[in-house]
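Residues -12 to 336, numbered by my numbering, are exactly what the sequence shown covers, in order.
Input: a single structure, listed below in structure tokens.
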Amino acid sequence: MYFASDNWAGAHPAIARSLTEAADGYAKAYGTSDLDKKVEHTFNEIFEREVAVFFVGTGTAANSLALASYNRPGGQVFCHAEAHVNVDECNAPEFFATGSKLVPIEGARGKMPAEALAAAIGRFSPDNVHGGQPVGVTVTQATEAGTVYELDEIAAIADVAHEKKLPLHMDGARFANALVTLGATPAEMTWKRGVDILSFGGTKNGCWCAEALVLFDPARAREMHYLRKRSAQLFSKSRFIAAQFDAYFRDGLWLELARHANAMAAALAAGLTQARSARLAWPTGSNEVFAILRNTTLKALRDKGAALYDWPAPAEIKATMAEDETMVRLVTSFATRPEDVERFLSLCD
-12 MYFASDNWAG AHPAIARSLT EAADGYAKAY GTSDLDKKVE HTFNEIFERE
38 VAVFFVGTGT AANSLALASY NRPGGQVFCH AEAHVNVDEC NAPEFFATGS
88 KLVPIEGARG KMPAEALAAA IGRFSPDNVH GGQPVGVTVT QATEAGTVYE
138 LDEIAAIADV AHEKKLPLHM DGARFANALV TLGATPAEMT WKRGVDILSF
188 GGTKNGCWCA EALVLFDPAR AREMHYLRKR SAQLFSKSRF IAAQFDAYFR
238 DGLWLELARH ANAMAAALAA GLTQARSARL AWPTGSNEVF AILRNTTLKA
288 LRDKGAALYD WPAPAEIKAT MAEDETMVRL VTSFATRPED VERFLSLCD
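As structure tokens, then:
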């Protein structure tokens, strides 16, 4: 019953085999191998246009380099208050951007409202040098609350950003999970809705260590080459990242894995709505489920080997909780088994 994080899951067998195959023989280094080029072409096909792709090792690196690529002196980057870049990346975005600042914006269930974004940007006057200058906007898809931005919500945020001539970045650590929820194409969920740069994650969805920066304007690629090198993210044997993506995309495996993870989350959510000692905090839209458990139930689950994290409850949820209740986060993955979901739910009755 491993529901602590999709990062806990291993690598899918097809991806592991691809890594083994790539280990044989010689290949050009620093992203110039035939396999690197093949996977870059696959990204073009997936996004239905020419894109610039940069492999990196972590989602934090992808996010930080994306935001750094648009930074200017006094830079202010707007994000949701619970965004990974704001809460879980140890100030890496500000560090790599050499002095930018994140401006957190509140919003229910992990989503940043376009209206709140417009108001936040509006507080920065071009005539006030003391306040700094807006340089970018970032959204997380799927969100840290397990919800998913609808396509029109992405477009509305992009409209606000672009009206102020600001680029829109998408943190897609769980990109595939959001994509299958919406039933959209990668193009429809990104550049067709105004996204300028994407952190494309594979690690949480069956890869070993595979993240990529996708620039929808290849003309900006020159600066990114230098930024990636300076940040120590230019891997000499990058074919091992390419090998993971090669297997990940083959025959739609990446979408299959995301559908399974989402289905397991949906099963968890459905069961929790019927449980006597647990309940959903809010509906989920991806592979993260937030629930409220009685403390005795939570202890029993952990005693039986369940792995899950306590989670801070928003004020409006906390107001509905009893003293003997705790809010938790449950994350499913490509490796989650139906029998583990069933066992978990049986312990909530």
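A virtual CB, placed ideally from N, CA and C, is assigned to each residue, including glycine.
Just so it is clear, the structure is predicted and the values come from calculations on it, not from any experiment.
{"Check": "DSSP bridge partner residues for Met314 (one or two, in chain order)", "Outcome": "Ile279"}
{"Check": "Segment limits, alpha helix (DSSP H) that includes Leu244", "Outcome": "240 to 261"}
{"Check": "Nearest to Arg96 (by Cα), restricted to the options Glu275, Phe34, Thr168", "Outcome": "Glu275"}
{"Check": "Glu69 burial status per 10 Å Cβ neighbour count (16 or more: buried)", "Outcome": "buried"}
{"Check": "For Asp114, the three-state DSSP class (helix, strand or coil)", "Outcome": "coil"}
{"Check": "Segment limits, beta strand (DSSP E) that includes His67", "Outcome": "62 to 67"}
{"Check": "Runs of alpha helix (DSSP H) lying entirely within the segment 125 to 174, each at least 4 residues, in chain order", "Outcome": "138 to 150, 162 to 169"}
{"Check": "Beta carbon of Thr29 nearer than 8 Å to that of Phe236", "Outcome": "yes"}
{"Check": "Every unbroken beta strand (DSSP E) within the segment 42 to 99, with a cutoff of 3 residues, ordered by chain", "Outcome": "62 to 67, 88 to 92"}
{"Check": "Whether Asp337 touches Arg281 by CB criterion (8 Å)", "Outcome": "Lying before the first or after the last residue shown, residue 337 is absent from the chain, which here runs from -12 to 336."}
{"Check": "Supposed contact pair Asp297 and Val337 - C-beta distance, whole angstroms, cut 8 Å", "Outcome": "Because the chain in this structure spans residues -12 to 336, residue 337 falls outside the shown range and cannot be described."}
{"Check": "Cut-off 7 Å between Cβ atoms - residues of its own chain near Ile304, not counting five sequence neighbours on either side", "Outcome": "Ala268, Met314"}
{"Check": "Exposure of Gly133, with buried meaning 16 or more beta-carbon neighbours within 10 Å", "Outcome": "buried"}
{"Check": "Cβ-based neighbour list, Arg110, same chain, cut-off 8 Å, excluding 5 preceding and 5 following", "Outcome": "Gly118"}
{"Check": "Extent of the continuous alpha helix (DSSP H) to which Leu6 belongs", "Outcome": "0 to 9"}
{"Check": "Chain-order list of residues whose beta-carbon lies under 7 Å from that of Leu22 (same chain, five-residue window excluded)", "Outcome": "Ala9, Ala14, Arg226, Ala229, Ala230, Asp233"}
{"Check": "Straight-line Cα distance separating Lys25 from Arg207", "Outcome": "21 Å"}
{"Check": "Status (buried if at least 16 other CB within 10 Å, exposed otherwise) for Asn342", "Outcome": "This structure gives no information on residue 342, because the portion of the chain shown stretches from -12 to 336."}
{"Check": "Helix, strand or coil at Glu198 according to DSSP, with G and I counted as helix", "Outcome": "strand"}
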